[in-house]
């Protein structure tokens, strides 16, 4: 492997939904979680030590990452070693516009991560439940030509399916899919092309300068979502930044399948049995409104088995 000269940082969002002080603030502002509602369910905020295991996977399979930036609502994981010079806890309120505070909406926070002080030009972004299962290298995300790799899942009929659900069935898209559709429609309006694929829901690569340029390009639309304190129908997914990179020739699209990038909803236990056969490079243990506390215990045992050793980021 060629020596990595230009640094690459990794950004996470993290929240401790078990914190009673934070829960009280959330409940007062947006209401208590409703288990059958994707936008505000227990699984949206539950901390099951996913970040700890994700960092163990990074320590094992991507030791070349320079700094770890963990964006939080003024919380710090109890197990993390804040004396490690590579670890930086970032208050989300320091990068959010005033209208966005308090914020319980990851879509809004993600639009502002490029503002993190000291963040490298080339950076990676992950949710705390996204993991590595094999060695990866800088070239896995950033080819030598200065572009970024954009990993996508094929959705060739997405626009038709969205139309059918909304216009024929009269169904409202759940907030996650609506935010992706909003990003695709913004691309259609600006560039005349509706982007049907979506990013692979795992660790993604970005250029900070490109991220800032894209925000500036769609500033009025994105600024209008800043006061969406919880997920809602007008949110815009960060797919927008990858779409613009592809459209402007900065992004190299690569289509993935479950052998490369596996999304593992933790209530679907059959996927644990298939894991070793699929042997993905990336995987995500996705909590949701469908998961139970038993599912969370099972996935924690699964992760502990795969990553039993402490990382250099832990006390």
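Numbering (this note's numbering), first residue to last: 1 to 315.
No residue lacks a Cβ here, since even glycine has one placed at the ideal position from N, Cα and C.
Report the residue from 46, 27, 209 and 7 whose alpha carbon sits nearest the alpha carbon of residue 127. The residue you call residue 127 lines up with position 127 of the chain shown. Minimum Cα distance to residue 127 is reached at 46.
In its own chain, which residues sit with a C-beta less than 6 Å from the C-beta of residue 238, not counting the 5 before and 5 after it? Translated into positions along the chain shown, residue 238 becomes position 238. Excluding residues within five positions, the ones whose Cβ falls inside 6 Å are 110.
Just to confirm my understanding: we take residue 100, look at its own chain, exclude 5 residues before and 5 after, and list those with CB closer than 7 Å. What are they? By 1-based counting over the chain shown, the position of residue 100 is 100. Cβ within range, chain order: 108, 226 and 227.
Look up residue 54 in the DSSP assignment and say whether it is helix, strand or coil. The residue given as residue 54 occupies position 54 in the chain shown. It is helical.
Could you have a look at residue 194 and say whether DSSP puts it in helix, strand or coil? One-based indexing of the chain shown puts residue 194 at position 194. Residue 194: coil per DSSP, three-state reduction.
Within its chain, find whatever has a CB closer than 7 Å to the CB of residue 311; leave out the 5 residues flanking it on each side and keep chain order. Along the chain shown, read from residue 1 onward, the residue named residue 311 stands at position 311. 55, 56 and 59, listed in sequence order.
What does the alpha-carbon distance come out to for the pair residue 182 and residue 264? As a first step, residue 182 is located in the chain shown; it is residue number 182 there, counting from the start. As a first step, residue 264 is located in the chain shown; it is residue number 264 there, counting from the start. Cα to Cα, residue 182 sits roughly 25 Å from residue 264.
Tell me the DSSP secondary structure of residue 261 in three-state form. Taking the chain shown and counting its residues from 1, one reaches residue 261 at position 261. If DSSP states are grouped into helix, strand and coil, residue 261 belongs with the strands.
If you draw a straight line from the alpha carbon of residue 314 to that of residue 87, how long is it in whole angstroms? For the purposes of this step, residue 314 is taken as the residue at position 314 of the chain shown. For the purposes of this step, residue 87 is taken as the residue at position 87 of the chain shown. Straight-line Cα distance between these residues: approximately 10 Å.
Helix or strand or just coil, what does DSSP make of residue 189? Translated into the one-based positions of the chain shown, residue 189 becomes position 189. Three-state result, residue 189: helix.
On the premise that residue 148 lies in contact with residue 245, defined as a C-beta separation below 8 Å, what is that separation, rounded to the nearest angstrom? Taking the first residue of the chain shown as 1, we reach residue 245 at position 245. Taking the first residue of the chain shown as 1, we reach residue 148 at position 148. Contact between residue 245 and residue 148 is confirmed by a C-beta separation of about 6 Å, below the 8 Å threshold.
Bridge partners for residue 254 per DSSP, in chain order? For the purposes of this step, residue 254 is taken as the residue at position 254 of the chain shown. Answer is 151.
Assuming residue 9 is part of the beta strand (DSSP E), what are its boundary residues? Here residue 9 corresponds to residue number 9 of the chain shown, with the count starting at 1. According to the DSSP assignment, residue 9 belongs to the beta strand (DSSP E) that extends over 8–13.
In the DSSP assignment, find the beta strand (DSSP E) that holds residue 283 and state where it starts and stops. Working through the chain shown from its first residue, we reach residue 283 at position 283. Counting along the chain, the beta strand (DSSP E) containing residue 283 begins and ends at 282–286.
For the beta strand (DSSP E) holding residue 29, just list the boundary residues, first then last. Within the chain shown, residue 29 is the residue found at index 29, counting from 1. Looking at the DSSP string, residue 29 is not in any beta strand (DSSP E); the run it does join, the alpha helix (DSSP H), is 20–30.
Option nearest residue 201 by Cα separation, candidates 153, 302 and 273: In the chain shown, residue 201 corresponds to position 201, counting from 1. Checking every option, the nearest Cα to that of residue 201 belongs to 153.
Is residue 48 near residue 296, with beta carbons less than 9 Å apart? For the purposes of this step, residue 48 is taken as residue 48 along the chain shown, with counting starting at 1. For the purposes of this step, residue 296 is taken as residue 296 along the chain shown, with counting starting at 1. Cβ distance < 9 Å, so residue 48 and residue 296 count as in contact.
Note down, one range per segment and in chain order, each beta strand (DSSP E) of at least 3 residues found wholly within the segment 112–141. 122–127 and 130–132
Count the other CB atoms, across all protein chains shown, that sit within 10 Å of the CB of residue 91; report buried if there are 16 or more and exposed otherwise. What you label residue 91 is simply residue 91 of the chain shown in a count that begins at 1. Residue 91 should be labelled exposed.
Report the option in 192, 67 and 211 whose CA atom is closest to the CA atom of residue 83. For the purposes of this step, residue 83 is taken as residue 83 along the chain shown, with counting starting at 1. Selected option, being the one with the closest Cα: 67.
Pair every Cβ in the segment 67–76 with every Cβ in the segment 204–217, then say whether three or more of these pairs are closer than 8 Å. no
Does residue 21 pass the burial test, meaning 16 or more other C-beta atoms within 10 Å, or should it be called exposed? On the chain shown, residue 21 is found 21 positions in, with the first residue counted as 1. Answer is exposed; the Cβ neighbour count stays below 16.
Quick one: Cα of residue 194 to Cα of residue 7, how far? As a working mapping, residue 194 is identified with position 194 in the chain shown. As a working mapping, residue 7 is identified with position 7 in the chain shown. C-alpha separation (whole angstroms): 33 Å.
Can we say the segment 273–282 touches the segment 248–259, given the rule of at least three CB pairs closer than 8 Å? The segment 273–282 and the segment 248–259 touch, with no fewer than 3 CB-CB distances between them shorter than 8 Å.
State the Cα-Cα distance for the pair residue 61 and residue 303, rounded to the nearest angstrom. In the chain shown, the residue the question calls residue 61 occupies position 61. In the chain shown, the residue the question calls residue 303 occupies position 303. Using only the alpha carbons, I get a separation of about 15 Å.
If I measure Cβ to Cβ from residue 187 and keep anything under 8 Å in the same chain, skipping five residues before and after, which residues do I get? The residue you call residue 187 lines up with position 187 of the chain shown. Here the set comprises 193, 194, 195, 240, 243, 244 and 247.
Count the other C-beta atoms from every protein chain shown that fall within 10 angstroms of the C-beta of residue 286, then say buried if there are 16 or more, exposed otherwise. On the chain shown, residue 286 is found 286 positions in, with the first residue counted as 1. Buried: at least 16 other Cβ atoms inside 10 Å.
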